[in-house]
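J.:
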Amino acid sequence: MVAPLDVPRLVAGDSFVLRSWELGDLPLVREASSDDYIPLITTVPSVYSQEAGEAFVQRQWERASTGSGYPFVIVRVADGRSLGTVGLWLRELNEGRASLGYWVVGSARGQGVAAEALRAVTAWALGDLQIPRLQLYVEPWNAASQRTAERVGFQREGLLRSWQQVGEERRDMIMYSMLGTDLSSPAAC
Ligand SMILES: CC(C)(COP(=O)(O)OP(=O)(O)OC[C@H]1O[C@@H](n2cnc3c(N)ncnc32)[C@H](O)[C@@H]1OP(=O)(O)O)[C@@H](O)C(=O)NCCC(=O)NCCS
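Taking the numbering used here, the leading residue of the sequence shown gets 30, the next gets one more, and so forth.
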């Protein structure tokens, strides 16, 4: 049996904290539902209702309680508003690998939210959890996500052809990785 995980509270720079999901985060789910891309790559409902939003939050709690990973909400310290998510997923942990995913709602983009949050989870996963390799998958057109990964110190490894079903079609993904041994490099966390 897999042990339940406690999602910790992490500080992400001076402006953000990361914490577990709360039902008070439903406005975040509602805004994410109206995004063109987020519902395609996550289980965020593409049509929002209170019931669908609560079911989404419930799924995040289950991911922690079943040991499948750590779903974090990114919260702005100044006003307590939740702005997006970062998830650390442990499906391949037995192989020494974990993967990351992230999104920020449109009204909060371009302010360093994703990079600060990804940097904090990456440092915690490589440092405290001692996971040897973190990886993430980004579509070739997604310049914002590629810059986010590179800014944190992830290295681009190559193109995975027809890697993933996104909506109606198979899509290529660029594989990025970061290793515990990269932590001492200047661009890292
Ligand atoms: C990708 C995403 C998370 C970026 O969030 P964000 O909080 O706006 O990103 P940041 O402000 O931290 O910016 C990080 C870097 O990306 C760059 N960037 C941000 N938006 C950009 C855009 N539209 N085009 C090009 N670069 C962009 C920033 O300039 C910064 O790079 P820099 O340090 O070189 O200046 C957000 O656009 C998003 O949620 N998109 C939809 C979901 C998604 O694509 N998730 C990732 C799937 S792999």
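Don't be surprised by glycine CBs; every beta carbon is placed ideally from N, CA and C.
Would Gly187 and Arg162 qualify as a contact pair, given that the criterion is a beta-carbon distance under 7 Å?
T.: No. Outside cutoff.
J.: How many Å lie between Glu91 and Val102 at the Cα?
T.: Answer to the nearest angstrom: the Cα atoms are 15 Å apart.
J.: Taking Thr177 as the reference, give the member of Val133, Gln159, Leu208, Leu189 with the closest Cα.
T.: Nearest of Val133, Gln159, Leu208, Leu189 to Thr177, Cα basis: Val133.
J.: With a threshold of 8 Å on Cβ separation, who are the neighbours of Val86 within its own chain once the five nearest residues in sequence on each side are excluded?
T.: Trp50, Glu51, Leu52, Asp54, Leu55, Val58.
J.: In terms of residues, what are the limits of the alpha helix (DSSP H) holding Pro56?
T.: Pro56 -> alpha helix (DSSP H) spans 55–62.
J.: Going by alpha carbons, who is nearest to Asp64 out of Val31, Val142, Leu155, Gly135?
T.: Among Val31, Val142, Leu155, Gly135, the Cα nearest to that of Asp64 belongs to Gly135.
J.: Might you give, ordered along the chain, the residues of its own chain that have their beta carbon closer than 6 Å to the beta carbon of Thr95, omitting 5 neighbours on each side?
T.: Excluding sequence neighbours, Thr95 sits near nothing in its chain.
J.: Output the distance between the C-alpha atoms of Thr114 and Ala127, rounded to the nearest integer angstrom.
T.: Cα to Cα, the separation comes out at about 16 Å.
J.: Find the nearest neighbour of Tyr166 within the set Ala152, Arg185, Glu198, judged by alpha-carbon distance.
T.: Nearest option by C-alpha distance: Arg185.
J.: Report whether the distance from the Cβ of Gly196 to the nearest heavy atom of ligand 1 is below 6 Å.
T.: Not so, every heavy atom of ligand 1 lies at least 6 Å from the Cβ.
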